[in-house]
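Enquirer:
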Amino acid sequence: MAYKSILVAVDSSNESKKAFSRAVTLATENNATLTITHVVDIPIYSDYKPYDAEILNLAKQSAEELIVEFKNSALNTGVSKVETLLETGSAKREIIQTIIPKANPDLIVVGATGTNALERVLVGSVSEYIIRHAPCDVLVVR
């Protein structure tokens with residue numbers, strides 16, 4: 001099966017970098033559009049009420065820089081069609097409810113885990129949530 005639209009969720013973790021590398025390879029092999037996404041995650045158990053605007057703006061700026069680095073890397077590696085999506089909120093919900101409908105991928109590539117142990121216990125793995133709720137194939141890269 002040839003994939004036409006591949007979505008990869010990125011952050012600064014090593015797992016994310018591995019997922020990105022695999023997504024780039026698949027996008028190149030399939031001549032697919034690669035959509036790189038990141039969610040500025042606002043934890044639901046956070047003490048911020050509401051999330052401090054200055055901190056949020058700094059987080060968005062950092063996320064934009066991260067996404068541009070990934071985009072440039074994909075373009076320099078030979079992916080011809082690269083798009084980016086940046087959202088704010090719960091990573092799990094935003095990927096399923098907002099990003100997937102916008103990108104309309106037929107494959108989602110994610111790292112095995114990008115969260116710390118406490119977050120996995122409290123809210124579960126984003127990758128695990130995507131696997132359960134995605135309307136298309138999901139590749140989890142270790």
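Heads up, the sequence shown is in full-length UniProt numbering, so the first residue is 1 and it goes up one at a time. Even glycine gets a Cβ: it sits at the ideal position worked out from N, Cα and C. The model shown is predicted, which means the values in this text are computed figures rather than measured ones.
With a cut-off of 8 angstroms on the beta carbons, I'd call LYS102 and LEU86 a contact; round off their distance for me.
Expert: Not really, about 11 angstroms apart at Cβ, beyond 8 angstroms.
Enquirer: Report the residue ranges of all alpha helix (DSSP H) runs contained in full by the UniProt domain "UspA" (3–142); include only those spanning at least 4 residues, in chain order.
Expert: Segments of the alpha helix (DSSP H) lying fully in the UniProt domain "UspA" (3–142): 14–30, 53–77, 91–94, 100–103, 117–123 and 126–133.
Enquirer: Quick one: Cα of ALA91 to Cα of VAL40, how far?
Expert: Approximately 7 angstroms, taken between the alpha carbons.
Enquirer: Less than 8 angstroms between the beta carbons of VAL109 and ILE36, yes or no?
Expert: No, these two residues do not count as a Cβ contact at 8 angstroms.
Enquirer: Spatial neighbours of VAL82 within its chain, please: CB distance less than 6 angstroms, with the 5 preceding and 5 following residues excluded, ordered by chain position.
Expert: Correct list, in chain order: LEU34, LYS71, ALA74 and LEU75.
Enquirer: Check this for me: beta carbons of ILE42 and GLY89, under 8 angstroms apart or not?
Expert: Yes; because the gap between Cβ atoms is below 8 angstroms, this pair is in contact.
Enquirer: Report the residue from ALA9, MET1 and TYR3 whose alpha carbon sits nearest the alpha carbon of ILE130.
Expert: Nearest C-alpha to ILE130: ALA9.
Enquirer: Beta-carbon separation of ILE96 and HIS133 under 8 angstroms?
Expert: It is a contact, given that the beta carbons lie within the stated cut-off.
Enquirer: If you draw a straight line from the C-alpha of PRO105 to the C-alpha of TYR3, how long is it?
Expert: Spanning the two alpha carbons is a distance of roughly 8 angstroms.
Enquirer: Check each candidate in ARG142, VAL68, PRO135 and GLU64 and name the one with the smallest Cα separation from GLY111.
Expert: Comparing Cα positions, the closest option is ARG142.
Enquirer: Pick from VAL126, LEU139 and GLY78: whose alpha carbon is nearest that of ILE107?
Expert: According to the sequence provided, residue 107 is Leu. The question's Ile does not apply to it. Nearest C-alpha to LEU107: LEU139.
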